[in-house]
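Participant:
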Amino acid sequence: MSSDSPFASAETYYAQYRPRYGDRPIAHLVDRFDLDDDSRALDLGCGAGQITIPLAAHVGTAVGMDPNSRMIDGARGQARAADRENVEWTVGSDADLRGAVGEELGPFTVTTMGRSFHWMDRGPTLDRIRELTEPGGGVAVFGDTEWLTSGRRAWQDEVYDLAADYLDDLPERTGQRTEPYENPYDELIADHGFEAVEVATFESTREWTVDEVVGYVFSLSFCSPATFGDEKDDFEADLRERLDELGGPFEQDEEVRVISGRKLA
Ligand SMILES: C[S@@+](CC[C@H](N)C(=O)[O-])C[C@H]1O[C@@H](n2cnc3c(N)ncnc32)[C@H](O)[C@@H]1O
4 MSSDSPFASA
14 ETYYAQYRPR
24 YGDRPIAHLV
34 DRFDLDDDSR
44 ALDLGCGAGQ
54 ITIPLAAHVG
64 TAVGMDPNSR
74 MIDGARGQAR
84 AADRENVEWT
94 VGSDADLRGA
104 VGEELGPFTV
114 TTMGRSFHWM
124 DRGPTLDRIR
134 ELTEPGGGVA
144 VFGDTEWLTS
154 GRRAWQDEVY
164 DLAADYLDDL
174 PERTGQRTEP
184 YENPYDELIA
194 DHGFEAVEVA
204 TFESTREWTV
214 DEVVGYVFSL
224 SFCSPATFGD
234 EKDDFEADLR
244 ERLDELGGPF
254 EQDEEVRVIS
264 GRKLA
């Protein structure tokens with residue numbers, strides 16, 4: 004249900020402005036799980052297909068699953084634009100996967116979850132994913148640096164401070180990577196029966212335009228257009244003015260992490 008979603012009103016910005024993870028993390032998955040035309044991948048919490056669409060280029064079929072139907076609409080549009088036809092889209096959550104839907108959709112060679120696992124009932128979901136995984140396949144959790152709260156650049160301080168002038172309950176800006184969970188995902192994945200658990204890290208520097216900075220901010224669940232209410236246009240105008248004054252370049256230190264485990268038998 005889109006209206007209950009923490010991303011309600013952020014979906015169009017999400018599809019257009021939330022970056023993908025780059026080629027290296029996808030190539031890592033392909034190597035690790037020997038993905039090919041016979042492989043079937045599930046991307047749970049797929050959003051606008053940031054993993055589903057590039058991963059589909061390396062498997063027979065990719066299934067993108069998300070409870071927010073407007074996210075799925077955005078994903079379909081991205082797949083059409085990329086001429087990517089071997090993707091099945093389905094509206095559903097981790098709870099649906101744990102039900103009969105899981106049997107209908109699976110089995111899978113690999114299941115990915117990008118910036119989405121923290122929204123789920125994680126232990127039972129890993130158990131279900133393991134049941135639905137072919138031997139030799141596995142699970143991979145993708146994450147990256149959320150720069151509004153965790154980035155270290157001065158221009159990011161300015162964007163944060165401006166958003167904090169408008170929003171009372173913005174998460175704290177720590178200037179360092181914070182994890183939205185207590186039990187580290189590598190341990191959790193191992194605790195739920197996956198073996199050879201690995202954490203792979205991919206660093207890069209990304210440069211953002213003013214439009215991309217604005218779109219990214221509105222793609223965040225805690226800064227979605229709805230959170231600003233009637234003040235959304237005022238905030239956007241102030242943000243653009245501030246960014247124009249700062250002048251750029253707006254560089255971000257990106258760190259993508261892929262935490263994966265294999266089902267051996
Ligand atoms: C930050 S977005 C990530 C989208 C995409 N995977 C990516 O890597 O950019 C989080 C997504 O998780 C979805 N989500 C929220 N709760 C979920 C749940 N219980 N089960 C599956 N997905 C969920 C949201 O609808 C949203 O599309």
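Quick note: the sequence shown uses my numbering, first residue 4, plus one each step.
Where is the CB? At the ideal position from N, CA and C, for every residue including glycine.
#1: Taking the straight line between their C-alpha atoms, what separation do you get for THR152 and PHE120?
#2: Within a Cβ cutoff of 7 Å, which residues of the same chain sit near LEU173, ignoring the five residues on either side of it in sequence?
#3: Which residue's Cα is closest to the Cα of ALA78: GLU234, ASP214, ARG265, ASP46?
#4: In three-state terms, what does DSSP make of GLY50?
#5: Using CA atoms only, rank isn't needed, just tell me which of GLU14, VAL90, ASP189, ILE132 is closest to ILE56.
#6: Taking C-beta to C-beta, are GLY117 and PHE145 nearer than 8 Å?
#7: Tell me the rounded alpha-carbon separation between PRO110 and GLU137.
#8: Using the three-state DSSP reduction, which class does LEU129 fall into: helix, strand or coil?
#9: Comparing C-alpha positions only, which one of ILE54, GLN255, LEU32, GLY48 sits nearest to ARG87?
#10: Could you please give the first and the last residue of the uninterrupted alpha helix (DSSP H) stretch that includes ASP236?
#11: May I ask which residues mark the beginning and end of the beta strand (DSSP E) holding GLU254?
#12: Nearest by alpha-carbon distance to ARG43: which of THR148, ASP189, THR112 is it?
#13: Among SER222, ALA84, ALA203, which residue has its Cα nearest to the Cα of ARG260?
#14: Ends of the alpha helix (DSSP H) at VAL62?
#15: For ASN71, is the beta carbon positioned less than 7 Å from some heavy atom of ligand 3?
#16: Output yes or no for whether 8 Å exceeds the beta carbon distance between GLY67 and CYS49.
#17: Between the alpha carbons of LEU100 and LEU267, how many angstroms are there, rounded?
#18: Between GLN179 and chain D, is the shortest Cβ-Cβ distance under 8 Å, so that the two count as touching?
#19: Please report the distance separating the alpha-carbon of TRP211 from that of GLU106.
#20: Taking 7 Å as the cut-off, is the CB of PHE221 close to at least one heavy atom of ligand 1?
#21: Whole angstroms is fine: what's the gap from LYS235's alpha carbon to THR177's?
#22: Using a Cβ-Cβ cut-off of 6 Å (strictly less than) and excluding sequence neighbours within five positions of PRO28, which residues of its own chain qualify?
#23: Taking 7 Å as the cut-off, does the CB of ARG21 come closer than this to any heavy atom belonging to ligand 1?
#24: With burial defined as no fewer than 16 other Cβ atoms inside 10 Å of the residue's Cβ, what is the status of SER207: buried or exposed?
#25: DSSP on ALA268, reduced to helix/strand/coil?
Facilitator: The short version:
#1: Sequence index remark: in the sequence shown, residue 152 carries index 149 (1-based). Sequence index remark: in the sequence shown, residue 120 carries index 117 (1-based). Those two C-alpha atoms are separated by around 19 Å.
#2: Position 170 of the sequence shown holds residue 173. Excluding sequence neighbours, LEU173 sits near ALA166, ALA167, PHE225.
#3: If you number the sequence shown from 1, residue 78 lands on position 75. Looking at the Cα atoms, ASP46 is the closest of the given residues.
#4: Position 47 of the sequence shown, counted from the start, is the residue given in the question as residue 50. GLY50: coil per DSSP, three-state reduction.
#5: Here the question's residue 56 lines up with position 53 in the sequence shown. Among GLU14, VAL90, ASP189, ILE132, the Cα nearest to that of ILE56 belongs to VAL90.
#6: Position 114 of the sequence shown, counted from the first residue, corresponds to residue 117. Position 142 of the sequence shown, counted from the first residue, corresponds to residue 145. Against a cut-off of 8 Å, the Cβ pair of PHE145 and GLY117 comes out as a contact.
#7: Position 107 of the sequence shown, counting from 1, holds the residue named residue 110. Position 134 of the sequence shown, counting from 1, holds the residue named residue 137. Rounded to the nearest angstrom, the two C-alpha atoms are 6 Å apart.
#8: Locating residue 129 in the sequence shown gives position 126, counting from the first residue. Reduced to three states, the DSSP call for LEU129 is helix.
#9: As a first step, residue 87 is located in the sequence shown; it is residue number 84 there, counting from the start. For the residues ILE54, GLN255, LEU32, GLY48, the minimum Cα distance to ARG87 belongs to ILE54.
#10: For the purposes of this step, residue 236 is taken as the residue at position 233 of the sequence shown. Where ASP236 is concerned, the enclosing alpha helix (DSSP H) stretches over 235–249.
#11: Taking the first residue of the sequence shown as position 1, residue 254 is located at position 251. Here the beta strand (DSSP E) through GLU254 covers 253–265.
#12: Counting from 1 along the sequence shown, the entry for residue 43 is found at position 40. Comparing Cα-Cα distances from ARG43 to each of THR148, ASP189, THR112, the minimum goes to THR112.
#13: To locate residue 260, count along the sequence shown from 1; it is residue 257. Minimum Cα distance to ARG260 is reached at ALA203.
#14: On the sequence shown, residue 62 is found 59 positions in, with the first residue counted as 1. No alpha helix (DSSP H) contains VAL62, which DSSP labels as neither H nor E.
#15: For ligand 3, the structure offers nothing, since it holds only ligand 1.
#16: If you number the sequence shown from 1, residue 67 lands on position 64. If you number the sequence shown from 1, residue 49 lands on position 46. Yes, they are a contact pair.
#17: In the sequence shown, counting from the first residue as 1, residue 100 sits at position 97. In the sequence shown, counting from the first residue as 1, residue 267 sits at position 264. Straight-line Cα distance between these residues: approximately 22 Å.
#18: Looking at the structure shown, chain D is missing, and only one protein chain is on hand.
#19: Translated into positions along the sequence shown, residue 211 becomes position 208. Translated into positions along the sequence shown, residue 106 becomes position 103. Looking at the two C-alpha atoms, the distance is approximately 42 Å.
#20: Here the question's residue 221 lines up with position 218 in the sequence shown. Checking every heavy atom of ligand 1 against the Cβ of PHE221, none is found closer than 7 Å.
#21: Here the question's residue 235 lines up with position 232 in the sequence shown. Here the question's residue 177 lines up with position 174 in the sequence shown. About 25 Å.
#22: Here the question's residue 28 lines up with position 25 in the sequence shown. Taken in chain order, the residues that qualify are PHE205, VAL259, VAL261.
#23: Locating residue 21 in the sequence shown gives position 18, where the first residue counts as 1. It does: the Cβ of ARG21 is within 7 Å (strictly closer) of some heavy atom of ligand 1.
#24: In the sequence shown, residue 207 corresponds to position 204, counting from 1. Exposed, by the Cβ-count rule.
#25: One-based indexing of the sequence shown puts residue 268 at position 265. Coil, per DSSP.
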